[in-house]
Amino acid sequence: MSVLVYTESEQGKFKKVAFEVASYAKAVADQMGTTVTAVTINADDTSALGNYGVDKVLKVNDASLDKFNANAYASIIKQATEKEDAKVVIVSSSADSKYLAPLLAVDLNAGFASNVVEAPSSTSPFTVKRTAFTNKAFNMTTINSDVKLVAVSKNAFGLKENTASAAAEDFSASIPEIKVQVDAVDKVTGQVTIADAEVVVSGGRGLKGPENWGMIEELADVLGAATACSKPVSDLGWRPHSEHVGQTGKPVASNLYIAVGISGAIQHLAGINASKVKVVINTDPEAPFFKAADYGIVGDAFEVVPKLIEKLKEFKAQQ
Amino acid sequence: MKILVCISHVPDTTSKINFTDGDTKFDTNGVQFVINPNDEFGLTRAMWFKEKQGASVDVVNVGGPETEPTLRKALAIGADTAIRVNTEATDGFAVAKQLANVVKNGGYDLVIAGRESIDYNGGMVPGMLAGLTSANFVNNCISLEVDGTSAKAVREIDGGKETVSTTLPLVIGGQKGLVEESDLRIPNMRGIMMARKKPLNVVEPVDASAETASVKFEKPAPKGAVTLVDADNVGELVNLLHNEAKVI
Ligand SMILES: Cc1cc2nc3c(=O)[nH]c(=O)nc-3n(C[C@H](O)[C@H](O)[C@H](O)COP(=O)(O)OP(=O)(O)OC[C@H]3O[C@@H](n4cnc5c(N)ncnc54)[C@H](O)[C@@H]3O)c2cc1C
């Protein structure tokens, strides 16, 4: 009857979202008066999960699972759910988890709520708060099936430290035939991704052209941030599509979002609104972004950004 | 190849989001509805298959009669036949069950859905549909080629992309990248005239329960006013981000 959580890893190491979903699972388990069991796939050392309240870990290790496969991973989580007789299953909102979750919901015949931002307000009926209309609203949803599946939004619940034993045991699950073969993975290494970033620095059409992105990259570099852009910037080919954020691009839920030369159109704001603190730098004091931002500078990016880089470097040097 | 494109009927991206009936229903007053952007990329890719490789393209929506103009628009863009499953779209699982029935009856080789709709953002219908019909599934699909019964797709992953190969029958959760923004088609007069004559079949729903229920909507708390920092005093921003916001 424990709460089951899928804690993701990459090359054997847990992703940060693994600890966030573990923290969430612990909160649900406390409300239900039960324990937390995590299932891991090809993770090396799982003891760190104890720091976020995981009591037991079912470890699956199999070389055929080195490359992600949504059906196979969903099947393993289903088998773990059944072994534990879990009634609540928690996953993250990473690209991989979003891929496997609907398959898992079908396997478990589970009602599924995605983009959940808070611990359940009630566990009977099981009621959660999720975002809707691309962050323009929230929706209280009840899950009425016997087994319930929840995908937690990134950076919404946060990490909650705890002490639990994370007692690990090997779990041998059967692996279904792989029908979607991974031929190649093309991933930038050594660069912070928008999905993982605590800070995102984003540039808009106000930057005039791709040749001016040096200062955006430098600002991102000083902050350990990922770079992003508005839709027209990617449509114009100034930046790759993978940097397009907003309602029709990637969602951003960072701690800090810095928008440079971005007007703040409704479609842009919808996608970045889940970020905790928003800063805008724009020449036009009437730009709508100022209504959505926490901090703003009315000024020319070409003057403000280099100064900001300089001040941040001074600040970092003092730390 | 028989292609089915799932079309979600959603409020235009500029819509004001309000609720009625004690915050239990979306207020459609004055709201303009459009084809879900992720689905429009998919529909455009389907048209490419039709024109370049030969395929039939049906579109489907689960919803009431109010969604028909959106389906007509898809016909005007070039789809052959539209299907409307005549029931309210209550939750993602229930929609996927209705679609699964359409897929089984129609014998489709390829189902193109959007990675998520921009109204409820559930992101679950394509995967559930694949699960329910035992089709292969690629989510966040940004490129798709089909050769006979083999398919090559690229999916976006956190921080990069992944190339995969699989076989039909296949369901994809599509998004921008399947085609470019500039490839999207605005229906012309001829398309609109032809769409009026194309079949729009209304089918009755199968028994399919929803596993979740919406209780209530809430709007985010109103935001406080922005703190402006003088452009000549950029150091103050660093100070505020460190000491007040505590994000650096
Ligand atoms: C269906 C649909 C979906 C969409 N989805 C998205 C989406 O997902 N994401 C998205 O971003 N957009 C989206 N858009 C587009 C959106 O409506 C806006 O057009 C877009 O966000 C504007 O981008 P921008 O702010 O970079 O450019 P602009 O609106 O052109 O703004 C540029 C800003 O830069 C400022 N500026 C100019 N020079 C300087 C300078 N030297 N220093 C500082 N500031 C300067 C200007 O004052 C202006 O505010 C969508 C639109 C539609 C119709």
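Chains as they are written, first to last, in the working numbering: chain A, 15 to 333; chain B, 7 to 254. Note that beta-carbon positions come from the ideal geometry of N, C-alpha and C, so glycine has one too. Computed from a prediction, not measured in an experiment: that's the story for all the values here.
Asked                                                                                                                                        : Found
Any C-beta of chain B under 9 angstroms from that of L233 (chain A)                                                                          : no
Through-space distance from L326 (chain A) to V236 (chain A), alpha-carbon basis                                                             : 7 angstroms
Within the segment 43-76 of chain B, ranges of the beta strand (DSSP E) (whole runs, at least 3 residues)                                    : 62-68
Contact with chain B by M46 (chain A), beta-carbon distance below 9 angstroms                                                                : no
Of the listed residues A:L122, A:A84 and A:Y113, nearest to D99 (chain A) (C-alpha basis)                                                    : A:L122
Burial state of G263 (chain A) (16 or more Cβ within 10 Å)                                                                                   : buried
Partner residues on chain A for M130 (chain B), Cβ-Cβ distance less than 8 angstroms                                                         : A115, P116, A119, F126 and S128
Separation of K252 (chain B) from G69 (chain B), as counted between CA atoms                                                                 : 46 angstroms
Residues that DSSP places opposite V196 (chain A) in a beta bridge                                                                           : B:V170
S256 (chain A) Cβ short of 8 angstroms to ligand 1 heavy atom set                                                                            : no
Interface partners of I280 (chain A) on chain B, CB under 8 angstroms                                                                        : T19 and T20
Straight-line Cα distance separating A306 (chain A) from T139 (chain B)                                                                      : 43 angstroms
Cβ distance (whole Å) where V16 (chain B) is taken to contact I124 (chain B) below 8 angstroms                                               : 5 angstroms
Reference V50 (chain A); option with closest CA among A:S128, A:A181, A:K143 and A:V161                                                      : A:A181
Counterpart residues of F33 (chain A) in DSSP-defined beta bridges                                                                           : DSSP, once it has assigned bridges, lists no residue as partnering F33 (chain A).
Chain A residues whose Cβ lies nearer than 8 angstroms to that of H248 (chain B)                                                             : F329
V259 (chain A): CB within 8 angstroms of a non-hydrogen atom of ligand 1                                                                     : yes
For Y20 (chain A), the nearest candidate out of A:K81, A:D44, A:D76 and A:S89 (CA to CA)                                                     : A:S89
Interface residues of chain B facing A306 (chain A) [CB-CB closer than 9 angstroms]                                                          : K229 and V232
Integer Cβ distance of V160 (chain B) from K167 (chain B), believed to fall under 8 angstroms                                                : 5 angstroms
Around ligand 1, Cβ to any heavy atom closer than 5 angstroms, ordered along the chain                                                       : A:G218, A:R219, A:G220, A:S244, A:K245, A:P246, A:G260, A:Q261, A:T262, A:G263, A:G275, A:I276, A:S277, A:A279, A:Q281, A:H282, A:N296, A:T297, A:D298, A:A301, A:D314, A:A315 and B:T19
Assumed close pair L118 (chain A), I157 (chain A) - CB separation to whole angstroms, cut-off 8 angstroms                                    : Not really, about 14 angstroms apart at Cβ, beyond 8 angstroms.
Own chain residues within Cβ distance below 6 angstroms of S149 (chain B), not counting five before or after                                 : V160
Cutoff 9 angstroms: L221 (chain A) Cβ touching any chain B Cβ                                                                                : no
V161 (chain A) versus Y87 (chain A) - alpha carbon distance                                                                                  : 18 angstroms
Local Cβ density within 10 Å of D10 (chain A), reported as buried at 16 or more and exposed below that                                       : Shown here, chain A extends from 15 to 333; a query on residue 10 (chain A) therefore has no answer.
CB contact below 9 angstroms: A36 (chain A) versus chain B                                                                                   : no
For G137 (chain B) and N145 (chain B), believed in contact at Cβ under 8 angstroms, the rounded distance                                     : Not a contact, Cβ separation roughly 12 angstroms.
Buried or exposed by the 16-neighbour rule on C-beta atoms within 10 Å, applied to V202 (chain A)                                            : exposed
Beta-carbon contacts of A165 (chain A) that lie in its chain and below 6 angstroms, excluding the five residues immediately before and after : V105, S107, A115 and S128
M15 (chain A), buried or exposed, once every other Cβ within 10 Å from all chains shown has been counted against 16                          : exposed
Inter-stretch contact (C-beta, 8 angstroms, three-pair minimum) for the segment 191-199 of chain A and the segment 244-252 of chain A        : no
Rounded distance between the beta-carbons of I295 (chain A) and I280 (chain A), thought under 8 angstroms                                    : With a Cβ gap of about 20 angstroms, I280 (chain A) and I295 (chain A) do not count as contacting.
CB contact check: L138 (chain B) to chain A, cutoff 9 angstroms                                                                              : yes
DSSP three-state assignment for K325 (chain A), whether helix, strand or coil                                                                : helix
Neighbourhood of A170 (chain A) by C-beta, 6 angstroms cutoff - its chain only, sequence neighbours within 5 removed                         : V131
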